[in-house]
Structure formats: structure tokens, C-alpha cells
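Numbering (this note's numbering), first residue to last: -11 to 276.
Structure below.
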């Protein structure tokens, strides 16, 4: 289901169907990137997302030796800690794929502070991108938190107006653990494609808001989102940041595609399984 050629919605009829759709999407993107650039770079999130990616274990036709994995954000904890996004993804599916260990970009906690860990991660990320000739991630997978956060970009936080760093440290996350690193808007918006995955009735309201924001923003100016991207952090107060759209709503690739994947429950707040009447006519509706 396509909206204006750049925003696409996929609704899985069943949990298994949704997992299969996501796995097929990633496999297709990987094959295309490998054919054109010799590699595929995929950014993973934590939370409930790893469990929706288990379809990758059996998806055919991917040269996993040419797939590189990084993380949209990571908690500054040991890699085997229960809070580690790497640990969650590794346990769910990564350790069942023939991806070389050296192709998985994990944090180095020996760097000390969250900012030092972020700087080291950015350095290694940029080196990986430079080697393969394009300073952008191929596919970024993101979730939507109950407060509208994505990666570790939280409502009202100063990192929302970061315009230079690709990876930033955070020491005051409103969700524990407080010390993390995260990809910033510049890194997310530079991606070839961004894929949001939001499943379950608990995400239905936010999912509707995110999708409606993305589609309405194509029909007119995006002053609030552009302000968040361009404003000088020293001039933006916390109150102004709090009144901006939720962080998840402001992530859209500068020149790539934006995808939304959900299930029937996640789509339950969308009128006629779509958006407004005008938007529904643009995209069409249906289940896969």
C-alpha cells in the first residue's frame, strides 16, 4: 500500500504473516544493495522488535557474509546484559544467521563514558560506510515507544536538535538504564529507507498519529519538523522541544522511502484500515 510513492503501509493479517512480510522486505533490500554496492547495512532496534524479525532465520537468497549489522541505539551495559539491544537481537535471531562476527558493530564499553562510547561507535560506523562508498545506512528499523520516542530520541530531549553528530551519548534517558548511545536525526534521515514496526493494540493510537503525520506532512510545509532539524540547540528551550511532534513522527529519509509495518491490532485505529478519506484514496488498503 503506497502513499505518494514515498510512504508505504503494510498490515499483516496474522503475526506470522507480518514476520514473513518483514523478512521478505529485508531480504529484498539486502539482495538489491549487495547487487549494486556489494554490501547491505542494516540498523536494528531493541524492545519487542527482535521477536518480529525471526522470519530472517529461514528467508532464502541472502548473502549474509555481505550483510553488516549495527544498532539504532544501545544501552551502555555489557553485551550479555538483559538490557542490551545486541543481546536481545542476538538471542532472537542473529546467532542463527551466518553473519560473520566482524560484521556486527557493537559498542565498546571499555571507552568509559556514554559520550566516549558514542564517539567510538560513530568513528567505526563512518569507517564502515566510507569503505563501501556511501555515507548512509541502507535500512533502519525503528519502533515507536508509548511516549512517542524512537531509538533513544525522547520527547523534549536536547538530542532532538542535534544536527552534526551521527551518534550521540545520553546520560539522562527517561527510561532506564539512563546511559545510552543513539543514532541522531542526521543519521536516520540519511538512510536509504526507514522502516517502522509497531504491533499490538497498545501501539494503535500512536501508529495512527505517526502515519497521519507522515502523510499530512507531504501535502504542505513541515515547519515543526524542519525547525527541530535546523534550529540552534542553544536557542531551543525544553518547553519548545516538548511541543514539537513526537520524535518518531519526525524521522523520514531525506531522499528514501518510509515504511510502516503493523498487524491488525496496530491498524485498528485507522479508519477503514487506512487514513482519512483523501489519504485512503491515495494509498488503497488491504491485508497481506
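Quick reminder that beta carbons are idealized off the backbone N, C-alpha and C, glycines included.
The structure displayed is predicted, hence computed values, not measured ones.
Asked: Who does residue 59 pair with in a DSSP beta bridge?; Found: 32
Asked: Do residue 248 and residue 126 have their C-beta atoms within less than 8 Å of each other?; Found: no
Asked: What's the gap between the Cα of residue 243 and the Cα of residue 181?; Found: 8 Å
Asked: Look at the alpha carbon of residue 55 and the alpha carbon of residue 37, and state the distance between them as a whole number of angstroms.; Found: 19 Å
Asked: What's the call for residue 69, buried or exposed, on a 16-neighbour Cβ count within 10 Å?; Found: exposed
Asked: Could you give the residue range of the alpha helix (DSSP H) that holds residue 12?; Found: 3 to 25
Asked: Would you tell me roughly how many angstroms separate the C-alpha atoms of residue 83 and residue 200, rounded to the nearest one?; Found: 37 Å
Asked: Using a 10 Å radius around the Cβ and a threshold of 16 neighbouring Cβ atoms, would you call residue -1 buried or exposed?; Found: buried
Asked: Going straight from the alpha carbon of residue 147 to that of residue 137, what length do you get?; Found: 12 Å
Asked: Grouping DSSP H, G and I as helix and E and B as strand, with all else coil, what is residue 181?; Found: strand
Asked: Would you kindly work out how many angstroms separate the C-alpha atoms of residue 143 and residue 128, rounded to a whole number?; Found: 20 Å
Asked: How many Å lie between residue 235 and residue 192 at the Cα?; Found: 17 Å
Asked: Pull up the CB-CB distance for residue 57 and residue 22, whole angstroms please, since I reckon it's below 8 Å.; Found: Going by Cβ atoms, the distance from residue 57 to residue 22 rounds to 14 Å, so no, they are not a contact pair.
Asked: Return the bridge partner residues of residue 249 from the DSSP annotation.; Found: -2 and 185
Asked: Contact criterion: CB-CB distance below 8 Å. Does residue 197 meet it with respect to chain D?; Found: Any reference to chain D falls outside this structure, which holds one protein chain only.
Asked: Can you give, in chain order, each stretch of the beta strand (DSSP E) that sits fully within the stretch 118 to 197 and has at least 3 residues?; Found: 127 to 130, 155 to 158, 168 to 171 and 181 to 185
Asked: Which word fits residue 237, buried or exposed, when buried means at least 16 other C-beta atoms lie within 10 angstroms of its C-beta?; Found: buried
Asked: DSSP three-state label for residue 95, please.; Found: coil
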